[in-house]
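S.K.: Residue numbers (our numbering): 1 to 490. Each residue gets a CB set at the ideal place from its N, CA and C atoms; glycine is no exception. Note that the structure is predicted; figures quoted are calculated from it, not measured.
1. Could you tell me whether the Cβ atoms of residue 460 and residue 471 are closer together than 9 Å?
2. Based on the DSSP output, what are the partners of residue 304 in its beta bridges?
3. Whole alpha helix (DSSP H) runs in the segment 235-265 with 4 or more residues, listed along the chain?
4. From the DSSP output, which residues share a beta bridge with residue 333?
5. Jot down the residue ranges of each uninterrupted alpha helix (DSSP H) in the segment 338-390, minimum 4 residues, whole runs only, in chain order.
6. What does the alpha-carbon distance come out to for the pair residue 58 and residue 208?
7. If we count the other Cβ atoms within 10 Å of its Cβ and call it buried at 16 or more, is residue 250 buried or exposed?
8. Look up residue 412 in the DSSP assignment and say whether it is helix, strand or coil.
9. Could you give the distance in angstroms between the alpha-carbon of residue 83 and the alpha-carbon of residue 193?
10. Decide if residue 455 is buried, meaning its Cβ has at least 16 other Cβ atoms within 10 Å, or exposed.
11. Got a sec: does the ligand ADP put a non-hydrogen atom nearer than 8 Å to the Cβ of residue 75?
12. Note down the Cα distance separating residue 228 from residue 212, rounded to an integer number of angstroms.
13. In terms of DSSP beta bridges, what is residue 95 paired with?
14. Let me confirm a value: residue 411 is counted as buried when at least 16 other C-beta atoms fall within 10 Å, else exposed. Which label applies?
15. When the Cα atoms are used, what is the spatial distance from residue 117 to residue 272?
16. Any idea which residues DSSP pairs residue 8 with across the strands?
17. Going by C-alpha to C-alpha distance, which of 395, 31, 488 and 438 sits closest to residue 469?
18. Helix, strand or coil for residue 460, going by three-state DSSP, please let me know.
19. Check for me: the alpha helix (DSSP H) holding residue 399 runs from which residue to which?
20. Under a three-way DSSP split, which group does residue 88 fall into?
21. Do the segment 3-21 and the segment 30-45 touch if we need at least three Cβ pairs shorter than 8 Å?
22. My assumption, with CB atoms under 8 Å, is that residue 145 sits in contact with residue 153. Please give the rounded CB distance.
23. If we count Cβ pairs, one from each stretch, closer than 8 Å, do we get three or more for the segment 94-103 versus the segment 44-55?
24. Starting from residue 218, trace the alpha helix (DSSP H) in both directions and tell me its first and last residue.
25. Quick check on residue 25: does DSSP put it in helix, strand or coil?
26. Can you round the beta-carbon distance between residue 347 and residue 369 to whole angstroms, since I take them to be within the 8 Å contact cut?
27. Using only CA atoms, which one of 66, 236 and 49 lies nearest to residue 74?
28. Using the three-state DSSP reduction, which class does residue 139 fall into: helix, strand or coil?
29. Looking at C-alpha atoms only, which residue of 473, 424 and 62 is the closest neighbour of residue 440?
30. Let me check one thing: in DSSP terms, what residues is residue 74 bridge-paired to?
31. Can you pull the DSSP bridge partners for residue 119?
32. If you count every other CB in all the chains shown that lies within 10 Å of the CB of residue 8, and 16 or more means buried, which is it?
33. Can you look up residue 440 in the DSSP assignment and give me helix, strand or coil?
34. Look up residue 45 in the DSSP assignment and say whether it is helix, strand or coil.
35. Using the Cβ count rule (16 or more neighbours within 10 Å means buried), how would you classify residue 488?
36. How big is the Cα-Cα spacing for residue 484 and residue 328?
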């Protein structure tokens, strides 16, 4: 939960106001009471698992040693007694880059946009060269870039920065994404330096087009094309367009290998120099022809060779490139956005390619339920039970499906099994109790709620339902007693 203005953290930092909030944390403007009320930015993480706390401690120590003109200094870090984690950073005065674009109401001039992104690229390149492991920022986007009063660009918010271990996927607790700016591999927690390159390219696209590129999951799973920058803004040169398209290529192997390579390309754009491909060929930015090293004009169509370009990427099959997990994450995004008809076929694809995680069956069944197709929900959930007979959540959704199909007997059997597997889940007990009362099995309902009350006597829920069950059985004295107990608690 966000902190209130006036809160004192670590007996030192007084919160002034909330600067921003997301699903993983919040950022505050605060005063350092030990340093003359100096303004600082404090990032709070809402994740408090033991695994995350250890990861936070290691990475906060590394971030505290970073020193770059386009990065805020991390001056302190600590974990409170409730498990909340905090990073304290320099507060950067200036305008958020996204607000700058919104205020202008049009794209930034090409060279201004490149100058800003060159500074950001150099900061990210600094992160990518840290030892013993590179630091992956993983949240590069216009709202996280400040333009100071003297026009300098600063990349802020280290809330989800991670050390890069080539042999390990990004830890699950850090699978944070920003639609339109996150690479496809970030959705499945497999980030590396090229993931930041994607975000840099998407940010540059936003600056020169005044609009965001299609989300990478849309591109990967639906084949949604990227509107060419020069079609969105005719003043964008083909040379810059090719840099952007290479940076946001769906295939990580076709992007710049790190931020330093992208910075070199941007610097080459500003100075008119021509970087080359890895094998010293020079690629035409217009037709994609690979010319000999040192060529100044394309041998095919005479186009001046200014910067590196790449031919268009072949259609990437998500299951081949990132594995079926990317389909699952895409489906989850659609479910969260209540686009159930988009989510369902992607969950079905997961099963077709052999990704049979219990969550796929559960979410697919839930999707069918939410669009009013309980028969299909029951079929897929029964298949899930055949594979995962100990999964309480699948049984719960199956009970809901049978309830919608008016098969109360099967619904009760499934709800009872869900409660046996997860006896403390209120939602499962609530469903089973409702079913038992609907079927006029009042004694069974009373037994269910009495068992719950014995374990959790100080929760109003159990007493409320027990009072209702006694009332429906016409035992009014006990009903009144239980309802009074519920009222005393809440």
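M.R.: For this structure:
1. Sequence index remark: in the chain shown, residue 460 carries index 460 (1-based). Sequence index remark: in the chain shown, residue 471 carries index 471 (1-based). The Cβ-Cβ distance between residue 460 and residue 471 does not fall below 9 Å.
2. In the chain shown, the residue the question calls residue 304 occupies position 304. Looking at the DSSP assignment, residue 304 forms a beta bridge with 297.
3. Correct list: 238-247.
4. Along the chain shown, read from residue 1 onward, the residue named residue 333 stands at position 333. Residue 333 is not bridged to any residue.
5. Complete alpha helix (DSSP H) runs here, min 4: 340-352, 358-370 and 374-387.
6. Walking along the chain shown from the start, residue 58 turns up at place 58. Walking along the chain shown from the start, residue 208 turns up at place 208. Between residue 58 and residue 208, the C-alpha separation is close to 37 Å.
7. The residue given as residue 250 occupies position 250 in the chain shown. Buried: at least 16 other Cβ atoms inside 10 Å.
8. Residue mapping note: residue 412 aligns to position 412 of the chain shown, counting from 1. Three-state DSSP puts residue 412 in a helix.
9. Indexing the chain shown from 1 puts residue 83 at position 83. Indexing the chain shown from 1 puts residue 193 at position 193. Across the structure, residue 83 and residue 193 are spaced so that their CA atoms are roughly 30 Å apart.
10. As a working mapping, residue 455 is identified with position 455 in the chain shown. Under this definition residue 455 is an exposed residue.
11. Judged by which ligands are present, the structure shown has none, so any question about the ligand ADP falls away.
12. The residue you call residue 228 lines up with position 228 of the chain shown. The residue you call residue 212 lines up with position 212 of the chain shown. The straight-line gap from Cα to Cα measures roughly 12 Å.
13. Against the chain shown, residue 95 aligns to sequence position 95. Partner(s): 147.
14. Looking up residue 411 in the chain shown gives position 411. Residue 411 should be labelled buried.
15. Position 117 of the chain shown, counted from the start, is the residue given in the question as residue 117. Position 272 of the chain shown, counted from the start, is the residue given in the question as residue 272. Each residue's alpha carbon lies about 17 Å from the other.
16. For the purposes of this step, residue 8 is taken as the residue at position 8 of the chain shown. Its beta-bridge partners are 14.
17. Sequence index remark: in the chain shown, residue 469 carries index 469 (1-based). Residue 469 has its Cα closest to that of 438, out of 395, 31, 488 and 438.
18. In the chain shown, residue 460 corresponds to position 460, counting from 1. Correct three-state label for residue 460: helix.
19. For the purposes of this step, residue 399 is taken as the residue at position 399 of the chain shown. For residue 399, the enclosing alpha helix (DSSP H) stretches over residues 392-404.
20. What you label residue 88 is simply residue 88 of the chain shown in a count that begins at 1. When DSSP states are grouped into helix, strand and coil, residue 88 belongs to the strand group.
21. Yes, the segment 3-21 touches the segment 30-45.
22. Sequence index remark: in the chain shown, residue 145 carries index 145 (1-based). Sequence index remark: in the chain shown, residue 153 carries index 153 (1-based). With 8 Å as the limit, residue 145 and residue 153 qualify as a contact, their Cβ atoms being about 6 Å apart.
23. Contact between the segment 94-103 and the segment 44-55 is absent: fewer than three C-beta pairs spanning the two stretches fall below 8 Å.
24. To locate residue 218, count along the chain shown from 1; it is residue 218. Here the alpha helix (DSSP H) through residue 218 covers 216-222.
25. Within the chain shown, numbered from 1, the residue matching residue 25 stands at position 25. In the structure shown, residue 25 sits in a strand (DSSP, three-state: E or B).
26. Taking the first residue of the chain shown as position 1, residue 347 is located at position 347. Taking the first residue of the chain shown as position 1, residue 369 is located at position 369. Between residue 347 and residue 369 the beta-carbon gap is near 13 Å, outside 8 Å, which marks them as no contact.
27. For the purposes of this step, residue 74 is taken as residue 74 along the chain shown, with counting starting at 1. If we check each option's Cα against that of residue 74, 66 comes out closest.
28. As a first step, residue 139 is located in the chain shown; it is residue number 139 there, counting from the start. Note: residue 139 maps to coil in three-state DSSP.
29. Counted from its first residue, the chain shown places residue 440 at position 440. When each option's Cα is compared against that of residue 440, the closest is 473.
30. Locating residue 74 in the chain shown gives position 74, counting from the first residue. Answer is 89.
31. By one-based count along the chain shown, residue 119 stands at place 119. Residue 119 pairs with nothing; no bridge assigned.
32. As a working mapping, residue 8 is identified with position 8 in the chain shown. Around the beta carbon of residue 8, a 10 Å sphere encloses fewer than 16 other beta carbons of the protein chains shown; the residue is thus reported as exposed.
33. What you label residue 440 is simply residue 440 of the chain shown in a count that begins at 1. Taken through DSSP and simplified to helix, strand or coil, residue 440 comes out as coil.
34. As a position in the chain shown, residue 45 is number 45, starting the count at 1. Strand, per DSSP.
35. If you number the chain shown from 1, residue 488 lands on position 488. By the 10 Å Cβ count, residue 488 comes out exposed.
36. On the chain shown, position 484 is the one that residue 484 refers to. On the chain shown, position 328 is the one that residue 328 refers to. Roughly 47 Å between the two C-alpha positions.
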